[in-house]
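Residue numbers (full-length UniProt numbering): 1 to 183.
Note that CB positions come from ideal geometry on N, CA and C, so glycine has one too.
Owing to the predicted nature of the structure, the values given are computational and were not obtained by experimental measurement.
Structure follows, in structure tokens:
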């Protein structure tokens with residue numbers, strides 16, 4: 001079966017255009033690789049921008065990998081070394097930048113967590129104080145008369161006093177003779 005020659009023109013359907021672009025891009029990169037590595041030992045660089053703005057690139061890297069250096073003179077080797085050093089500096093800068101951004105993000109998250117912990121601590125302390133006040137009202141006791149009147153902060157910071165319970169709710173006991181009436 002022979003391949004037909006097709007007319008080269010813009011493909012109107014966006015989906016068909018994207019599929020054709022992908023197929024032809026793969027074929028183009030395959031040919032570039034063959035030229036650079038297999039067939040001609042040529043230095044090949046290929047840059048393709050898609051319609052969406054995505055960049056696709058290929059570059060032969062045999063010399064950058066230290067292969068096929070026998071045909072190079074001192075000036076070419078010096079140029080190659082300078083390229084490698086520049087590339088290495090750029091890689092280090094990019095890596096340092098990414099690490100710096102990650103550290104900033106972790107510091108930001110740590111700060112948010114610390115702030116949230118402070119807010120939760122204040123809420124627990126407030127609930128504890130309300131519990132003490134409710135106990136005082138129900139039982140008619142002073143704040144210092146109840147054994148659980150230590151603040152949450154004191155019980156958290158004082159590890160020797162680990163047995164002090166933190167009661168966050170008030171339970172009122174009813175007499176057995178009291179039954180709720182309906183109506």
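Roughly how many angstroms separate the alpha carbons of residue i and residue j, rounded to a whole number?
{"i": "residue 125", "j": "residue 49", "result": "60 Å"}
{"i": "residue 118", "j": "residue 102", "result": "24 Å"}
{"i": "residue 15", "j": "residue 36", "result": "32 Å"}
{"i": "residue 137", "j": "residue 131", "result": "10 Å"}
{"i": "residue 6", "j": "residue 13", "result": "17 Å"}
{"i": "residue 95", "j": "residue 24", "result": "34 Å"}
{"i": "residue 121", "j": "residue 109", "result": "18 Å"}
{"i": "residue 90", "j": "residue 2", "result": "50 Å"}
{"i": "residue 147", "j": "residue 116", "result": "Unreliable placement is indicated for residue 147, whose pLDDT of 48 sits below 50; the coordinate value is still reported in the next sentence. Looking at the two C-alpha atoms, the distance is approximately 29 Å."}
{"i": "residue 140", "j": "residue 107", "result": "48 Å"}
{"i": "residue 99", "j": "residue 134", "result": "52 Å"}
{"i": "residue 149", "j": "residue 113", "result": "Residue placement at residue 149 cannot be trusted, given a pLDDT of 45 that sits under 50; what the coordinates show is reported in the next sentence. Approximately 28 Å, taken between the alpha carbons."}
{"i": "residue 76", "j": "residue 88", "result": "18 Å"}
{"i": "residue 26", "j": "residue 4", "result": "21 Å"}
Looking at residue j and residue i, is the spacing between their C-beta atoms short of 8 Å?
{"i": "residue 58", "j": "residue 83", "result": "no"}
{"i": "residue 29", "j": "residue 46", "result": "yes"}
What is the C-beta distance between residue i and residue j, in whole angstroms, given that I count them as a contact (C-beta under 8 Å)?
{"i": "residue 60", "j": "residue 44", "result": "5 Å"}
{"i": "residue 8", "j": "residue 20", "result": "Rounded, the Cβ-Cβ distance is 11 Å, inconsistent with contact."}
- Item | Contiguous beta strand (DSSP E) assignments of at least 3 residues, all confined to the UniProt domain "K-box" (25-130) | Whole beta strand (DSSP E) segments, 3+ residues: 45-49, 55-59.
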